[in-house]
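Engineer: Before anything else, here's the structure in question.
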Amino acid sequence: MNTTQPQLRTVNVMRYVTPLREGGSLPAIAEANDEFLYVLKFRGAGQGVKALIAELIGGEIARALGFRIPEIVFANLDTAFGRTEPDEEIQDLLKASTGLNLAVHYLSGAITYDAVITKLDSRLSSAIVWFDCLITNVDRTPRNTNMLMWHKELWLIDHGAALYFHHSWHNWEEQAKRPFALIKDHVLLPWASELEEVDKDFKAILTDELIRNITNLIPDEWLIDESSDETAQQRREVYYQFLITRLAASQTFVTAAQHARASLI
């Protein structure tokens, strides 16, 4: 498992290829100056930079825990980008997203994970359930698994709906200690029989230093909110404190997940 300090590359978006019309975020496939294709997540969409922060933190925690995650990069969008885009909705999105965005490597040819077709073992199922409890990820349901099969291996994607405490923000400490009630809808919960073992192993990996290194990746410009007097560093500190508080209280969400699983089997 990867416990080294995370580092993200920065690319410049060169070509808008096609939109991915999923939900309200309207991500797109785009080509960058390194000639790779990426799924581009826009700061001007839906939940704005908070979705990008959740994507960044969730993805890098997952990578540290040994899950397969497409490479995450910062993606610069120039002011001139999209001027020739004929779709007004997309053009408005591009204009609102000038500056630093987030992108993940595009897994060409990947197919959506289907629990009916591909069975995961109890260890991996438990690991993913535990991880989603930690980051309060609401988006791993049978209807929308946000997992892909690529070259016969499982990849986790789309963590922008996680860390939903930051949409209310002020009661973050209380939320950090709560069980994750929506785990009852998790696609892998029926097979997650090793949560106690995973809890012990993963808490040993997610040290305070590692969590600090991951939250330090959040750009200052994503953390400045005109509605608040808090500095970028003060807001970054809340993400760090939320995660280490939640890790310390992990037995709460593990027990809740076990109870939810018992009601299913």
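Residue 1 is where the sequence shown starts when you use the UniProt record's numbering, and the numbers rise one by one after that.
For glycine and all other residues, C-beta sits at the position ideal for the given N, C-alpha and C.
By the 10 Å Cβ neighbour count, where 16 or more other Cβ atoms means buried, how is Asp199 classified, buried or exposed?
Structural biologist: In the sequence shown, residue 199 corresponds to position 199, counting from 1. Asp199 should be labelled buried.
Engineer: Under 8 Å: do the stretch 85–98 and the stretch 158–173 share three or more Cβ pairs, one atom per stretch?
Structural biologist: no
Engineer: With Ala62 and Phe131 assumed to form a contact (beta carbons below 8 Å), what rounded beta-carbon distance in angstroms separates them?
Structural biologist: Locating residue 62 in the sequence shown gives position 62, counting from the first residue. Locating residue 131 in the sequence shown gives position 131, counting from the first residue. At roughly 6 Å, the Cβ-Cβ gap stays under 8 Å, so Ala62 and Phe131 are in contact.
Engineer: Roughly how many angstroms separate the alpha carbons of Asp185 and Ala54, rounded to a whole number?
Structural biologist: As a working mapping, residue 185 is identified with position 185 in the sequence shown. As a working mapping, residue 54 is identified with position 54 in the sequence shown. Rounded to the nearest angstrom, the two C-alpha atoms are 20 Å apart.
Engineer: Mapping DSSP to helix, strand and coil, what is Leu100?
Structural biologist: Position 100 of the sequence shown, counted from the first residue, corresponds to residue 100. In this structure, Leu100 counts as strand in the three-state DSSP scheme.
Engineer: So the candidates are Thr215, Met14, Leu65; which of them puts its Cα closest to the Cα of Leu40?
Structural biologist: Mapped onto the sequence shown, residue 40 falls at position 40. Ranking the options by Cα distance to Leu40, first place goes to Met14.
Engineer: Given a cut-off of 9 Å on the beta-carbon distance, is the pair Tyr113 and Thr145 in contact?
Structural biologist: For the purposes of this step, residue 113 is taken as residue 113 along the sequence shown, with counting starting at 1. For the purposes of this step, residue 145 is taken as residue 145 along the sequence shown, with counting starting at 1. Yes, the Cβ-Cβ distance between Tyr113 and Thr145 is below 9 Å.
Engineer: If you draw a straight line from the C-alpha of Leu102 to the C-alpha of Leu134, how long is it?
Structural biologist: Along the sequence shown, one-based indexing puts residue 102 at 102. Along the sequence shown, one-based indexing puts residue 134 at 134. Cα to Cα, Leu102 sits roughly 22 Å from Leu134.
Engineer: With Val129 and Leu188 assumed to form a contact (beta carbons below 8 Å), what rounded beta-carbon distance in angstroms separates them?
Structural biologist: Taking the first residue of the sequence shown as 1, we reach residue 129 at position 129. Taking the first residue of the sequence shown as 1, we reach residue 188 at position 188. Contact flag correct, Cβ pair sits at about 6 Å.
Engineer: Ignoring anything shorter than 3 residues, give me the beta strand (DSSP E) runs that lie fully in the stretch 94–144, in order along the chain.
Structural biologist: The stretch 94–144 contains these whole beta strand (DSSP E) runs: 99–105.
Engineer: How should Arg143 be labelled, buried or exposed, when 16 other C-beta atoms within 10 angstroms of its C-beta is the threshold for buried?
Structural biologist: Within the sequence shown, residue 143 is the residue found at index 143, counting from 1. Exposed is the call here.
Engineer: When burial is assigned at 16 or more other CB atoms within 10 Å of the CB, is Met1 buried or exposed?
Structural biologist: Numbered from 1 along the sequence shown, position 1 holds the residue referred to as residue 1. Note that Met1 scores a pLDDT of 47, beneath 50, so its modelled location is shaky; the value from the coordinates is reported in the next line. So Met1 ends up on the exposed side.
Engineer: Roughly how far, in whole angstroms, is the beta-carbon of Leu156 from the beta-carbon of Met147, given that I think they are within contact range, below 8 Å?
Structural biologist: Counting from 1 along the sequence shown, the entry for residue 156 is found at position 156. Counting from 1 along the sequence shown, the entry for residue 147 is found at position 147. With a Cβ gap of about 6 Å, Leu156 and Met147 count as contacting.
Engineer: Please return the same chain residues whose Cβ sits closer than 7 Å to the Cβ of Glu194, not counting the five positions on each side in sequence.
Structural biologist: Taking the sequence shown and counting its residues from 1, one reaches residue 194 at position 194. Same-chain partners within the cutoff: Ser122, Arg123, Ser126.
Engineer: Spell out the partners DSSP gives Tyr16 in its beta bridges.
Structural biologist: Translated into positions along the sequence shown, residue 16 becomes position 16. DSSP output for Tyr16 lists Ala30 as bridge partner(s).
Engineer: Counting Cβ pairs closer than 8 Å, one from the stretch 29–48 and one from the stretch 70–84, do we hit at least three?
Structural biologist: yes
Engineer: Suppose only complete runs of 4+ residues qualify. What are the alpha helix (DSSP H) ranges in the stretch 39–71, listed by chain order?
Structural biologist: 49–64
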